[in-house]
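Last residue of the sequence shown: 186 in my numbering, with the numbers rising by one and none dropped. We treat Cβ as the ideally placed atom computed from N, Cα and C, and that holds for glycine. Treat the numbers as computed from the prediction; the structure is a model and nothing was measured.
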Amino acid sequence: MQSLSNYKEEVMSKITDSVKITVEPIIENLGMELVDVEFKKLYGQDTLIVYIDKDGGVCLDDCEVIHNAIDAPLDELDPTCGQPYNLNVSSPGIDRPLKTARDFNKKIGLEMEVSLFKPLEELGKIKKFNAILKGFEEETATVILEYKTKNIKLNIKDVALIREAVIF
Numbered sequence: 019m020q021s022l023s024n025y026k027e028e029v030m031s032k033i034t035d036s037v038k039i040t041v042e043p044i045i046e047n048l049g050m051e052l053v054d055v056e057f058k059k060l061y062g063q064d065t066l067i068v069y070i071d072k073d074g075g076v077c078l079d080d081c082e083v084i085h086n087a088i089d090a091p092l093d094e095l096d097p098t099c100g101q102p103y104n105l106n107v108s109s110p111g112i113d114r115p116l117k118t119a120r121d122f123n124k125k126i127g128l129e130m131e132v133s134l135f136k137p138l139e140e141l142g143k144i145k146k147f148n149a150i151l152k153g154f155e156e157e158t159a160t161v162i163l164e165y166k167t168k169n170i171k172l173n174i175k176d177v178a179l180i181r182e183a184v185i186f
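Below, the structure is given as C-alpha cells:
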C-alpha cells in the first residue's frame with residue numbers, strides 16, 4: 019500500500035509536470051525560459067510557483083507579463099482539479115540550485131557551493147566545499163569542477179546541491 023507522503027509527492031509531481039508542459043511554450047514565445055515549477059503550501063495556501071529567467075535577469079514587469087499570459091491556459095488546464103491555489107511567477111533568485119544544462123553553462127567559470135550526498139575519498143572525505151565550475155557534460159550528467167587546483171568530475175546524482183556561491 020502506498021504511503022500518504024508518497025501519494026502526495028505523486029500528485030504534486032503530476033501537477034507540476036502538467037503545468038510545465040502547458041506553460042513552457044508560452045514562456046519561450048515571450049523570450050524567456052521556464053526554470054522550474056513548484057506546488058507547495060505557502061502561508062497555509064496551496065501555491066503554484068512558476069520560476070522564469072532570461073538573459074540579463076527578470077524584473078517585476080516580466081513576472082507580470084508571464085502571469086497574465088499563463089493565467090487563462092492554467093485555468094483551462096485545471097491542474098488541481100478544481101481546488102483553489104495561488105499563482106506566483108518569480109525569478110529563481112541568485113541562490114537557487116543549478117538544475118538544467120543551461121543553468122550550468124551560464125555559470126561556467128564562477129565559484130559554486132557544492133554539497134554531496136556522501137563524502138568522497140578523493141576530496142578528503144568532505145561533503146561541502148566551494149569550487150570553480152569548469153563545465154557540464156549533459157550526455158553523461160557530469161559536472162566538472164576545479165577544487166584546490168585539481169579538476170574533478172562528479173556525476174550529478176552524487177550532488178545534493180550546487181549553486182553559485184554568494185560572496186559578500
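Just to confirm, are residue i and residue j a CB contact at a threshold of 8 Å?
i    : j    : result
I44  : V68  : no
E139 : A149 : no
V107 : I144 : no
A183 : E94  : no
A119 : E156 : yes
G127 : L151 : yes
L116 : R181 : yes
Considering just the uninterrupted stretch of the beta strand (DSSP E) at residue i, what are its terminal residues?
i    : result
I150 : I144 to E155
K171 : K168 to N173
E164 : T160 to Y165
Determine which residues share a DSSP beta bridge with residue i and list them.
i    : result
R181 : P115 and E131
N104 : T65
K58  : T65
L138 : I144
I70  : L52
Determine the extent of the alpha helix (DSSP H) in which residue i is found, giving its start and end residues.
i   : result
D89 : L78 to L95
I'd like the list of long-range same chain contacts for residue i, defined as Cβ closer than 7 Å, with 5 residues on each side in sequence excluded.
i    : result
F135 : D176 and A178
N173 : A159 and T160
M30  : F57
Could you pull out every residue in the same chain whose Cβ sits closer than 8 Å to the Cβ of residue i, ignoring the five residues on either side in sequence?
i    : result
I185 : E129
Quick one: residues in its chain with C-beta nearer than 6 Å to the C-beta of residue i, no 5 flanking neighbours on either side, listed in chain order?
i    : result
K171 : T160 and I162
T98  : none
E56  : I67
I33  : F57 and P97
Taking 8 Å as the threshold (beta carbon to beta carbon), is residue i in contact with chain B?
i    : result
N169 : Going by chain labels, chain B is absent from the structure shown, which holds only one protein chain.
(request) Taking 8 Å as the threshold, find out whether the segment 95–104 comes into contact with the segment 71–86 through three or more Cβ pairs. (result) no
(message) Below 8 Å, how does it come out for the segment 46–66 and the segment 28–38: are there three or more Cβ pairs, yes or no?
(response) yes
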